[in-house]
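Numbering (UniProt numbering), first residue to last: 1 to 327. Here is the structure we will look at, set down as structure tokens.
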Amino acid sequence: MRARDAAQRLEVSEGELTASRLGVDALRLRPDWKELLPALGELGPIMALTRNEHCVHERKGPYRDVTVSGGGQIGLVVSPDIDLRLFLAGWSSVFAIAEETERGTQRSIQIFDAQGNAVHKVFLTNRSQVEAWEPLVERFRAEEQSAELDLREAEPKAAATPDAEIDTASLKDGWASLKDTHHFFALLKKHQVERTQALRLAGREWAEPLDVAELPRLFEAAGAQQLPIMVFVGNAHCIQIHTGTVTNLKWMNDWFNVLDPEFNLHLKTTGVRQLWRVRKPSSDGVITSWEAFDADGELIMQVFGARKPGIPERDDWRALAESYAAQ
1 MRARDAAQRL
11 EVSEGELTAS
21 RLGVDALRLR
31 PDWKELLPAL
41 GELGPIMALT
51 RNEHCVHERK
61 GPYRDVTVSG
71 GGQIGLVVSP
81 DIDLRLFLAG
91 WSSVFAIAEE
101 TERGTQRSIQ
111 IFDAQGNAVH
121 KVFLTNRSQV
131 EAWEPLVERF
141 RAEEQSAELD
151 LREAEPKAAA
161 TPDAEIDTAS
171 LKDGWASLKD
181 THHFFALLKK
191 HQVERTQALR
201 LAGREWAEPL
211 DVAELPRLFE
221 AAGAQQLPIM
231 VFVGNAHCIQ
241 IHTGTVTNLK
251 WMNDWFNVLD
261 PEFNLHLKTT
271 GVRQLWRVRK
281 PSSDGVITSW
291 EAFDADGELI
301 MQVFGARKPG
311 IPERDDWRAL
321 AESYAAQ
């Protein structure tokens with residue numbers, strides 16, 4: 001049983017369950033993100049895992065090109081393999097685990113937030129520098145190996161602003177004036193509007209609802225064309241990105257999976273309750289994405305065409321993204 005499922009069965013957080021393994025196969029590390037994150041590069045090629053309630057994103061490669069800024073609040077890992085956006089203010093505890101399995105010792109670094117939820121995990125692979133594991137773990141070993149976690153209740157989600165109180169005309173004007181897709185969050189915050197609410201109010205020029213069953217079909221079509229895409233999956237404290245093609249696509253009951261050598265994705269399709277085609281203007285032209293949400297309006301996944309800043313969107317991606325009928 002996976003740790004996440006075991007924790008749910010025991011009605012504790014995954015962080016608490018992990019802390020209970022201290023002295024068995026887990027060691028608590030110092031949450032010194034500015035030093036620890038770059039040090040992960042010493043492990044060589046690893047598998048980085050980030051997930052939310054309905055989707056797991058796994059990407060293999062070396063942990064490199066790490067920067068921590070904003071007074072230690074923001075982290076970036078920007079490389080062709082491991083590509084992360086880290087919101088470190090929400091990170092709380094970190095453990096090194098060496099678990100004995102049928103396939104040998106599985107070594108990992110696992111990070112949890114103040115509610116005990118897993119934020120991000122790094123697993124050694126058969127290509128990793130195993131000899132670097134012990135020195136790294138000893139260097140960051142916490143002086144006090146306490147199983148007590150400083151857990152706090154999550155901040156309650158603010159009530160949605162009623163549609164009637166939102167200046168929809170100003171929201172649409174702000175949307176049409178975007179120069180960078182990264183400014184979209186600021187637009188939502190300015191108008192105190194939830195993401196799915198903004199999609200609904202923006203009008204079909206900018207956002208259109210799609211049948212949720214189309215999301216796996218988009219992956220299948222992109223795979224058939226070997227069209228490089230960007231797949232964003234994250235939680236409140238970490239976003240992980242795959243850029244490249246997808247090839248080996250498999251259904252396992254309700255789970256749709258990408259099972260490629262360097263990239264695995266596991267999507268629980270029953271969790272997707274809304275799917276939107278979203279267009280955002282930018283200085284590089286309109287950027288088209290597909291965005292999937294759960295029943296609570298939480299973002300599960302975003303899919304874009306592969307691109308770099310300063311380069312317009314790929315024509316073949318736009319043609320594919322726009323080829324599905326809106327609802």
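Cβ atoms here follow ideal geometry from the backbone N, Cα and C, with glycine treated the same way.
(1) Please state whether DSSP places residue 327 in a helix, a strand or coil.
(2) Note down, in chain order, each residue of its chain lying with its Cβ closer than 8 Å to the Cβ of residue 316, except the 5 sequence neighbours on either side.
(3) By the DSSP assignment, the alpha helix (DSSP H) with residue 137 in it spans what residues?
(4) Would you tell me roughly how many angstroms separate the C-alpha atoms of residue 77 and residue 64, rounded to the nearest one?
(5) Of all the alpha helix (DSSP H) runs that stay within the bounds of the region 8 to 67, which reach a length of 4 or more residues?
(6) Taking Cβ positions, are residue 302 and residue 291 nearer each other than 9 Å?
(7) Going by beta-carbon coordinates alone, are residue 181 and residue 287 separated by less than 9 Å?
(8) Less than 8 Å between the CB atoms is what I'm expecting for residue 75 and residue 62, so what's the real figure, rounded?
(9) Judging by CA-CA distance, which residue of 81, 57 and 24 is the nearest neighbour of residue 41?
(10) Please report the straight-line C-alpha distance between residue 17 and residue 116, rounded to a whole angstrom.
(11) Identify whether residue 170 lies in helix, strand or coil by the three-state DSSP scheme.
(12) Starting from residue 225, trace the alpha helix (DSSP H) in both directions and tell me its first and last residue.
(13) List the whole-angstrom C-beta distance separating residue 110 from residue 211, where the pair is believed to meet the contact cut-off of C-beta under 8 Å.
(14) Starting from residue 199, trace the alpha helix (DSSP H) both ways and give me its first and last residue.
(15) With residue 114 and residue 30 assumed to form a contact (beta carbons below 8 Å), what rounded beta-carbon distance in angstroms separates them?
(16) What are the start and end residues of the beta strand (DSSP E) that includes residue 188?
(17) Give me whichever residues DSSP pairs with residue 209 in a beta bridge.
Short version:
(1) coil
(2) 225, 227 and 305
(3) 133 to 139
(4) 7 Å
(5) 14 to 19 and 33 to 39
(6) yes
(7) yes
(8) 16 Å between Cβ atoms; not a contact.
(9) 81
(10) 9 Å
(11) helix
(12) 214 to 225
(13) 36 Å between Cβ atoms; not a contact.
(14) 195 to 202
(15) That pair is no contact at about 16 Å.
(16) No beta strand (DSSP E) contains residue 188, which is instead part of the alpha helix (DSSP H) from 184 to 191.
(17) 276
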